[in-house]
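Residue numbers (our numbering): 448 to 825.
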Amino acid sequence: MTDTIRLSELTTLGVGGPAAAFVECTSEAELIEAVLDAWNTDQPWLLLGGGSNLLIGDEPLDATVIRAANRGIERLDAPSGRVRLRVQAGEDWDALVASTVEHGWAGVEALSGIPGSCGAAPVQNIGAYGQEIVSSLVAVDLLDEESQTVERVPAAELGLGYRTSVLKRHGGGEPERSGVVVAIIIDLDDVGVDGLAAPIAYQQLAFALGVEVGEQVRLAQVRTTVLALRASKGMVLDPDDPDTASAGSFFTNPIVSEHVARSLPGDAPWWPVDPAADDDTEYVFPLGEVVNPPRPAPVERLAKLSAAWLIERAGVRRGFALPGSHAAVSTKHTLALTNRGGATATEIAELARFVQARVHAEFGVLLQPEPVVVGVTI
């Protein structure tokens, strides 16, 4: 355990007050020990990875901050043509993606440039440019709070959805399952260093590559193009660019009923979302009886809106800042709220609430923050 540290030094937004105590865990064993100690002594605690998806308040945090800095990548047995990796939670996500591309392993190349640690990746099912970690994730090794043991939890049991899982804290609330990811297990396609990436699934990326959606190009070409696209939006960390002092996309794209989506202006972009799976209840009736089985309840059709479009059409432009504030909307992308130098968490939260209010007043849609929020209210 080290002396108190200001959390602004450990978050990409550059905000956050001092922590009561700070523990950096450089091995899996240290991480497990630190978390178990926090659980068994009932002390408040906060797990920190890369600090890229976190907004922490300015006041002193009465908690022990446990930083997952455990490193290591192990290759496991896998089916023919596949590569299975066990990656410790503290590994840098983008460094992992770079390594997979260099080795000719396909499956996460479109997730290049996303800041943060590997342990945090499944917590909110990171995704970009048509890929999500759910497509490659096999399981996580989870230090479960209830059993206080490390359990291998299959990806199918994590409730992975659009920027969510059963492990994520929503709006400061408790997760559905309490535990700490100590390692992730992913499967990738072994296509070779000159091999092709997964089929391009996102129009903007396809356009930048000069191909059609569904076509394939080399792995390295996808990574290079994605990094360029992210950099153009201020989404690749750069100490010389204040637009990158952010938590990435601050708001998720809203999921609403298709009826709400169709009520928006005609140029509002939206995409159908797969409805919930059909009711698979089995009905058993006596032989010889004529029975009309109950009709399944109608499934509401859902749609995903563009948060960026809603923000811009609500009158919040790139570079917008409240008077006297050091927080501002990115000059490159309206989804990012940035620290222009010396901003406080309070200023970031005030700007977030302003954006929410403008969008809600204009369209009746309440934007939800994507980062985990601690010690401040949005």
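By construction, the Cβ of each residue, glycine as well, lies at the ideal position given by its N, Cα and C atoms.
Here PRO507 is actually not in contact with ALA481; their C-beta atoms are around 20 Å apart, not less than 8 Å. Inclusion of ILE758 and ALA774 in the CB contact set at 7 Å is not warranted, their separation being larger than that value. Between the segment 671–690 and the segment 640–657 there are three or more inter-stretch CB-CB distances shorter than 8 Å, so the stretches are counted as touching. DSSP, reduced to helix, strand and coil, places GLN663 outside both helices and strands of the structure shown, so it counts as coil.
Contact fails between the segment 542–551 and the segment 584–600, because fewer than three Cβ pairs, one in each stretch, are under 8 Å apart.
Within 10 angstroms of the beta-carbon of ARG522 lie fewer than 16 other beta-carbons, which makes it exposed.
Its chain contains ALA516 and ASN517 as the residues whose beta carbon lies nearer than 7 Å to that of THR473, once the 5 sequence neighbours on both sides are disregarded; these appear in chain order.
Around the beta carbon of ARG677, a 10 Å sphere encloses 16 or more other beta carbons of the protein chains shown; the residue is thus reported as buried. The residue among SER772, ILE647 and ARG533 with its C-alpha nearest the C-alpha of TYR576 is ILE647.
Residue burial is scored here from C-beta neighbours: GLN803 has at least 16 other C-beta atoms within 10 angstroms and is therefore classed as buried. The continuous stretches of beta strand (DSSP E) do not include VAL707, which lies in the alpha helix (DSSP H) extending over residues 705–710. Listed in chain order, the beta strand (DSSP E) runs fully inside the segment 590–631 are 597–601, counting runs of at least 3 residues.
Proximity of the segment 804–813 to the segment 785–795 falls short of the contact definition, fewer than three beta-carbon pairs being nearer than 8 Å. The segment 525–532 makes no contact with the segment 495–507; the number of CB pairs closer than 8 Å stays below 3. Within the segment 461–530, the runs of alpha helix (DSSP H) that reach at least 4 residues and sit entirely inside it are, in chain order, 475–487. Between ILE702 and LEU643, the C-beta spacing is not below 7 Å. The beta carbon of SER564 is closer than 8 Å to those of GLY496, GLY497, ALA515, ALA536, GLY537, GLU538, ASP539 and TRP540 in its chain, skipping five residues each way along the sequence. Taking C-beta atoms as the reference points, ALA768 and SER777 fail to come closer than 7 Å.
Contact between the segment 603–612 and the segment 552–563 is absent, with fewer than three C-beta pairs closer than 8 Å. Assignment of ILE702 by DSSP, reduced to helix, strand and coil, places it in the strand class. Of the candidates TRP718, THR785 and LEU590, the residue whose Cα lies closest to the Cα of GLU475 is LEU590. PRO719 carries a strand assignment under DSSP once its states are collapsed to helix, strand and coil. Where ALA775 is concerned, the enclosing beta strand (DSSP E) starts and stops at 774–776. GLN571 carries a coil assignment under DSSP once its states are collapsed to helix, strand and coil.
In this structure, the CA atom of SER582 is about 44 Å from the CA atom of PRO770.
Between the alpha carbons of LEU494 and GLY713 lies a distance of about 44 Å.
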